[in-house]
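S.K.:
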């Protein structure tokens with residue numbers, strides 16, 4: 001280090017000469033503290049290296065933090081005149097370790113904080129660095145008997161070292177409770193690692209407070225300068241929190257949550273109807289931190305706090321209700337993603353090829369039924385139970401179990417009516433705006449689902465008198481909700497009158513009906529979604545195909561009623577109108593990516609199949625395009641593909657080649673000019689049926 005200029009000597013007056021302590025008691029205390037620190041760090045280094053993953057920045061920083069922190073635990077063995085120099089140099093590494101600890105804390109807590117908070121966190125760490133530069137000089141000057149600035153700067157050390165760690169600890173404890181619905185004792189019981197980490201966090205804060213008190217001479221007998229075991233104890237506890245769990249907190253908690261769920265689900269415990277719920281509570285996980293598809297956002301938003309679904313109902317939410325809701329959502333997710341999870345003998349997710357059981361859609365459906373044995377959703381209905389039945393309907397319908405699906409849809413609607421959530425007056429008395437919003441969304445989700453399912457299968461409606469639409473808040477869900485409201489607009493005009501005609505028998509078709517309501521309905525469908533171009537591609541695929549499907553439904557009823565003509569004034573009353581519908585569907589499939597259709601699941605294929613089934617005349621390319629569209633990689637597509645391919649064979653008199661998929665598994669469609677007709681499909685004011 002360069003010589004200190006003479007001007008520095010005037011910065012402060014020397015009070016006593018600082019040297020290595022000579023008191024046996026002080027030496028014993030300091031030697032014990034340093035030995036404890038170095039020994040603990042060596043053990044933590046071994047733990048970290050044994051769990052180290054190459055290329056992971058967080059693991060690399062933790063290793064550096066431990067190595068840098070170990071140097072300052074050896075100066076007690078150095079004698080003058082090297083003592084002051086050695087202590088000062090190792091203090092530089094110690095300060096670097098402290099700052100690394102704050103950076104590591106930021107990385108670990110980052111998934112729980114927003115970008116603004118993250119910026120403030122890192123920015124304040126950077127702003128504290130001038131103090132540490134001064135502290136490095138003050139430490140060197142003091143222990144080499146140059147001046148005593150260190151006595152003035154040391155008292156602020158905790159202020160520039162620990163606020164970030166205090167915030168990180170508080171943030172973690174808050175998120176454990178808020179996001180994962182776990183108490184500290186429950187988490188510590190589930191995971192010994194988290195138990196060690198949380199205890200170490202608390203101890204580090206306790207020793208930090210004691211260290212501050214020692215520095216500002218709040219104890220009756222103060223320790224010699226340079227002899228302070230308390231910051232070392234706090235430092236070891238901080239290092240322990242970093243090394244015992246190397247991943248960020250969210251990843252570690254998510255892994256724990258997933259493992260807890262999988263472990264509970266694979267326990268083949270025979271559930272008896274006479275078993276006490278308090279005993280079976282142990283089987284049900286109380287946490288879920290996952291986002292489902294947009295359908296879960298519409299009906300319930302965020303399931304991190306399932307109690308929100310019951311605020312307005314005055315019903316105590318049990319673990320069984322939460323568990324049944326979670327497993328029904330899992331069934332839908334796994335159905336749409338065709339996912340299965342291998343489980344080993346001990347209940348862990350198994351990445352090897354050999355496993356004993358697999359978490360499937362049927363498994364989660366059965367788990368939902370099993371959970372429902374422990375509460376009576378009929379006598380004590382809740383919004384969570386309403387949504388559970390809806391998700392059961394969704395998964396069962398995609399598995400082709402139409403009767404069971406319809407039963408659960410009606411069950412969901414009936415429980416909604418038992419809660420009076422189909423009456424607008426019920427919402428005026430609700431004090432919880434969040435619960436009211438979720439209830440409205442659930443009503444309208446059931447409304448349009450029942451409309452679509454009843455139209456496809458000629459079934460009667462239950463939800464006839466609609467309530468007010470939910471208000472769209474200016475938040476991250478706005479785009480999804482706007483698309484959802486577009487779906488509502490498509491179905492709102494299909495009321496009891498239309499459904500009565502649609503479900504009427506052949507004998508009733510002889511009754512004369514004016515074509516005017518049907519013409520008006522076709523026109524309303526053209527103008528129902530004027531802002532469809534602003535929606536996501538997944539929503540566009542659903543909205544545009546659904547609109548064409550509804551047009552086809554109206555056209556079919558007009559055909560049954562004898563309202564069509566070879567030379568109509570309006571295209572929608574023509575015998576050839578299905579050709580226009582098929583043309584527009586083909587255009588939609590060419591303008592939007594395949595993934596947009598796959599995300600909508602097998603339901604959108606059913607609508608395309610219905611449209612293709614009406615195309616018997618006109619250019620054969622449209623019918624062939626319908627067949628090719630159904631050949632996309634969506635679970636459950638084979639049923640529709642075979643039926644429509646056979647119909648194409650029959651209508652066109654040509655053999656449709658099998659398999660139809662191109663080499664990459666995508667629909668084999670011809671190359672087109674992507675700009676051609678792209679504006680027409682979104683412009684409701686154009687002459688196109690769109």
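Numbering (UniProt numbering), first residue to last: 1 to 690.
We put the beta carbon where it would ideally sit given N, CA and C, even for glycine.
Being a predicted model, the structure only gives us computed values, none of them experimental.
(1) Would the beta-carbon of residue 41 fall within 7 Å of that of residue 69?
(2) Counting only runs that start and end within the segment 48-128, where is the beta strand (DSSP E) found for 3 or more residues in a row?
(3) Quick one: which unbroken beta strand (DSSP E) runs of 3-plus residues sit fully inside the segment 561-620? Chain order, please.
(4) Buried or exposed for residue 333, going by 16 or more other Cβ atoms inside 10 Å?
(5) Relative to the C-alpha of residue 335, which residue among 321, 362, 325 is closest?
(6) How about residue 143 and residue 87: do their beta carbons lie closer than 7 Å?
(7) Who are the near neighbours of residue 391 in its chain, counting only those whose CB is closer than 6 Å to its CB and skipping five residues on each side?
(8) Of the choices 368, 566, 564, 488, whose alpha-carbon is the least far from that of residue 546?
(9) Give the range of the alpha helix (DSSP H) segment to which residue 398 is assigned.
(10) Taking the alpha-carbon positions, what's the residue 104 to residue 123 distance?
(11) Suppose contacts are defined by Cβ-Cβ distances below 7 Å. Is residue 150 in contact with residue 139 by that definition?
(12) Just how far apart, CA to CA, sit residue 462 and residue 414?
(13) Are the segment 518-537 and the segment 556-573 touching by the rule of at least three beta carbon pairs closer than 8 Å?
(14) Let's see if you can read the secondary structure: which residues bound the alpha helix (DSSP H) around residue 479?
(15) Measure how close the beta-carbons of residue 505 and residue 556 come, nearest whole angstrom, since I'm counting them as under 8 Å.
(16) What does a CB cutoff of less than 7 Å around residue 44 pick up in its chain, not counting 5 residues either side in sequence?
(17) Once the 5 residues before and after residue 107 are set aside, which same chain residues still bring their CB inside 8 Å of it?
(18) Here's the rule I'm using: 16 or more other beta-carbon atoms within 10 Å means buried, otherwise exposed. How should residue 498 be labelled?
(19) Go ahead and label residue 32 buried or exposed: buried means 16 or more other beta carbons lie within 10 angstroms of its beta carbon, across all protein chains shown.
(20) Look at the Cβ atom of residue 528, then the Cβ atom of residue 490, and state whether they are nearer than 7 Å.
(21) Short check: CB of residue 374 to CB of residue 450, under 7 Å?
(22) Residue 184 to residue 176, Cα distance in whole Å?
(23) Where does residue 145 sit, in a helix, a strand or coil, going by DSSP?
(24) Mark residue 152 as exposed unless 16 or more other C-beta atoms lie within 10 angstroms of its C-beta, in which case mark it buried.
(25) Just list the beta strand (DSSP E) runs in the segment 192-220, keeping only unbroken ones of 3 residues or longer that don't cross its boundaries, in chain order.
(26) Take the Cβ of residue 120 as the centre, count every other Cβ of all protein chains shown within 10 Å, and call the residue buried at 16 or more, exposed below.
(27) Near residue 250, which residues of its chain fall below 7 Å by C-beta distance, leaving aside the five closest residues on each side in sequence?
(28) On the premise that residue 38 lies in contact with residue 74, defined as a C-beta separation below 8 Å, what is that separation, rounded to the nearest angstrom?
(29) Could you have a look at residue 469 and say whether DSSP puts it in helix, strand or coil?
(30) Is it right to say residue 369 is buried, meaning 16 or more other beta carbons lie within 10 angstroms of its own, or is it exposed?
(31) Would residue 472 and residue 481 qualify as a contact pair, given that the criterion is a beta-carbon distance under 7 Å?
(32) Expressed to the nearest angstrom, what Euclidean distance is found between the alpha-carbon atoms of residue 179 and residue 531?
(33) Determine the DSSP secondary structure at residue 455, reduced to helix, strand or coil.
(34) In this structure, how does DSSP classify residue 26 when only helix, strand and coil are distinguished?
(35) Note down the Cα distance separating residue 79 from residue 52, rounded to an integer number of angstroms.
(36) Could you check what DSSP says for residue 284 in three-state terms: helix, strand or coil?
M.R.: Concretely, from the data shown:
(1) yes
(2) none
(3) none
(4) buried
(5) 362
(6) yes
(7) 328, 329, 332
(8) 488
(9) 383-398
(10) 14 Å
(11) yes
(12) 9 Å
(13) yes
(14) 478-491
(15) Between residue 556 and residue 505 the Cβ distance is about 15 Å, and since that is not below 8 Å, they are no contact.
(16) 66, 239, 240, 243
(17) 57, 58, 61, 248
(18) buried
(19) exposed
(20) yes
(21) no
(22) 8 Å
(23) coil
(24) exposed
(25) none
(26) exposed
(27) 111, 112
(28) 7 Å
(29) coil
(30) exposed
(31) yes
(32) 35 Å
(33) helix
(34) helix
(35) 37 Å
(36) Only weak support exists for where residue 284 lies, its pLDDT of 32 falling under 50; the value from the coordinates is given anyway. If DSSP states are grouped into helix, strand and coil, residue 284 belongs with coil.
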